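Residue numbers (my numbering): 2 to 336.
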Amino acid sequence: MADMLEQIRSLGEQLRWASDLAKPAIGACSEVLYAGMGGSAIGGDYAAVVAEPGGTRITVHRGYGPAPAWAVSRRPLVLAASYSGNTEETLDFVSTAHEAGLQVAAVTTGGALEEAAARHKWPMIKAPAGKQPRAAIGLMLGAVLKTLEGSHALDDQRLAFAEAAELADRETAEGSESWRLAERIASDLAGRIPIIYGGGPVSDAAARRWKTQINENSKVPSWWSVLPELDHNELVGWEAMPEKTRDLMAIVALTDRGDHARVGARVAHTRALTESAAPWVAEVESSGTFLLTRLMSLTVVGDLVSWMLADKAGVDPIPVTAIENLKRLLAEGAE
């Protein structure tokens with residue numbers, strides 16, 4: 002249990018490592034096609050939030066190749082991120098992107114992606130190894146942001162890195178405000194299927210992170226949805242089985258000051274219309290000056306909740322046995 006908590010608590014250190022990186026020399030771009038899976042993909046979602054106000058569009062691709070036709074036409078920078086360097090889908094995709102003549106940059110700890118970057122002379126940032134990919138968000142996102150700075154797609158983020166690292170150090174400490182909030186949420190979620198709602202760019206990306214951290218660390222089902230879209234479909238889905246869902250599920254809403262003003266009203270009304278079918282255990286608001294800090298503030302609470310849920314259930318958050326078994330089955334099928 003302690004090892005995952007230590008990795009969660011290393012977030013501030015990870016962000017400071019990234020802040021000190023040299024920017025890779027990459028030609029100017031205003032559009033990025035980000036390729037990644039799992040814990041390496043969330044860095045693309047977060048980077049898209051940070052970069053959008055400056056006019057840079059980042060599209061995250063989760064899956065195999067080939068490179069989409071729009072990318073072959075528009076020629077974005079392809080940024081391949083794989084913590085292990087051996088992610089099957091990412092390697093396949095980046096190979097097709099390279100064959101299509103697209104410019105590629107990489108973020109990894111090594112593996113086949115590092116080898117491809119060396120072979121093709123792609124700009125690359127090598128991150129420190131030794132963590133679970135899902136616990137390396139500061140390393141991977143930080144390296145991605147530095148890559149974007151090097152391609153003139155993002156302004157200097159040193160002040161944002163400093164604020165976010167300070168928040169991560171403070172709020173991952175036992176007894177902090179985020180720690181106490183996570184304890185309350187984990188207590189209310191224990192034994193239930195967590196449903197995470199977001200309502201805008203920051204809270205949407207963070208809600209996805211909460212869902213996947215709960216899946217991998219806590220080993221329980223979870224899903225995330227986003228307002229206002231869920232008010233046009235999922236809202237109705239709570240009507241037919243309230244006697245079942247109220248005991249099995251619970252909702253956490255994430256909010257950010259960048260959410261549209263009408264989303265705040267929707268959160269309140271959606272809660273009123275659904276809480277008889279699923280208790281709303283918390284509404285978690287982001288904090289911080291910079292977009293990076295606001296993302297990290299929600300990330301810290303979610304990561305702590307996922308670890309605490311594992312602790313309460315007596316499960317080890319580190320192993321992802323089902324994923325390893327799937328990889329083995331795929332490898333056997335390819336032989």
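The beta carbon of each residue, even a glycine, is placed where N, CA and C say it ideally should be.
Keep in mind it's a predicted model, so treat the numbers as computed, not measured.
### Query
Considering only the beta carbon of each residue, do Val264 and Leu228 sit closer than 8 Å?
The residue given as residue 264 occupies position 263 in the sequence shown. The residue given as residue 228 occupies position 227 in the sequence shown. Their beta carbons are under 8 Å apart, which means Val264 touches Leu228 by this criterion.
### Task
Might you give, ordered along the chain, the residues of its own chain that have their beta carbon closer than 7 Å to the beta carbon of Ile59, omitting 5 neighbours on each side?
Walking along the sequence shown from the start, residue 59 turns up at place 58. Taken in chain order, the residues that qualify are Val33, Tyr35, Gly45, Ala48, Ala49, Ala52.
### Query
Is the segment 305–325 close to the segment 3–17, with three or more CB pairs under 8 Å?
yes
### Residue range of the alpha helix (DSSP H) that includes Glu53
Counting from 1 along the sequence shown, the entry for residue 53 is found at position 52. From DSSP, Glu53 is part of no alpha helix (DSSP H); its letter is neither H nor E.
### Lys127 - DSSP class collapsed to helix/strand/coil
Taking the sequence shown and counting its residues from 1, the one referred to as residue 127 is at position 126. Note: Lys127 maps to strand in three-state DSSP.
### Query
Taking the alpha-carbon positions, what's the Ala130 to Trp18 distance?
Taking the sequence shown and counting its residues from 1, one reaches residue 130 at position 129. Taking the sequence shown and counting its residues from 1, one reaches residue 18 at position 17. One C-alpha to the other measures close to 13 Å.
### For Pro243, the three-state DSSP class (helix, strand or coil)
The sequence position of residue 243 within the sequence shown is 242, counting from 1. The answer is helix: DSSP assigns Pro243 an H, G or I state.
### Message
Please confirm whether Glu286 has its beta-carbon closer than 8 Å to some beta-carbon of chain C.
### Response
Protein chains in the displayed structure number just one, and chain C is not present.
### Query
Which residues in the same chain have their Cβ closer than 6 Å to the Cβ of Lys24, if we skip the five residues on either side of it in sequence?
By one-based count along the sequence shown, residue 24 stands at place 23. Closer than 6 Å at the Cβ level, and outside the excluded window around Lys24, lie Lys147, Glu150, Gly151.
### Task
Counting only runs of 3+ residues fully inside the segment 238–304, write out the beta strand (DSSP E) ranges in chain order.
250–256, 281–286
#### Entry: Contact under 8 Å by Cβ, Glu55 with Leu155
Taking the sequence shown and counting its residues from 1, the one referred to as residue 55 is at position 54. Taking the sequence shown and counting its residues from 1, the one referred to as residue 155 is at position 154. According to the sequence shown, residue 55 is Gly rather than Glu. Yes. Within cutoff.
#### Entry: Beta bridge counterpart(s) of Arg58 as assigned by DSSP
Here residue 58 refers to the residue found at position 57 of the sequence shown. Paired residues: Glu32.
### Query
For Leu168, which residues of its own chain have a beta-carbon under 7 Å away from its beta-carbon, when the five flanking residues on both sides are left out?
Start at 1 with the first residue of the sequence shown, and residue 168 comes out as number 167. Counting only Cβ-Cβ distances below 7 Å, and skipping sequence neighbours, we find Gly289, Thr294, Met297, Ser298.
#### Entry: Contact set for Asp205: own chain, Cβ-Cβ below 7 Å, skip 5 residues either direction
Looking up residue 205 in the sequence shown gives position 204. Same-chain partners within the cutoff: Gly199, Val227.
### Message
Under 8 Å: do the segment 115–135 and the segment 262–278 share three or more Cβ pairs, one atom per stretch?
### Response
no
### Message
Does Asp317 pass the burial test, meaning 16 or more other C-beta atoms within 10 Å, or should it be called exposed?
### Response
As a working mapping, residue 317 is identified with position 316 in the sequence shown. Exposed, because fewer than 16 other Cβ atoms sit within 10 Å of the Cβ of Asp317.
### Task
Check whether the Cβ atoms of Thr110 and Gly86 sit closer than 8 Å, and answer yes or no.
Here residue 110 refers to the residue found at position 109 of the sequence shown. Here residue 86 refers to the residue found at position 85 of the sequence shown. Taking 8 Å as the Cβ cut-off, Thr110 and Gly86 qualify as a contacting pair.
### Query
Just how far apart, CA to CA, sit Trp225 and Leu142?
Numbered from its first residue, the sequence shown carries residue 225 at position 224. Numbered from its first residue, the sequence shown carries residue 142 at position 141. Looking at the two C-alpha atoms, the distance is approximately 21 Å.
### Task
Please state whether DSSP places Ser83 in a helix, a strand or coil.
On the sequence shown, residue 83 is found 82 positions in, with the first residue counted as 1. Note: Ser83 maps to strand in three-state DSSP.
### Query
Applying the criterion that 16 or more other CB atoms from any shown protein chain within 10 Å of the CB defines a buried residue, is Gly334 buried or exposed?
Indexing the sequence shown from 1 puts residue 334 at position 333. So Gly334 ends up on the exposed side.
### Query
Of all the options Gly112, Trp71, Arg75, Leu249, which has the alpha carbon lying nearest to the alpha carbon of Ser83?
As a working mapping, residue 83 is identified with position 82 in the sequence shown. Here the closest residue by C-alpha is Gly112.
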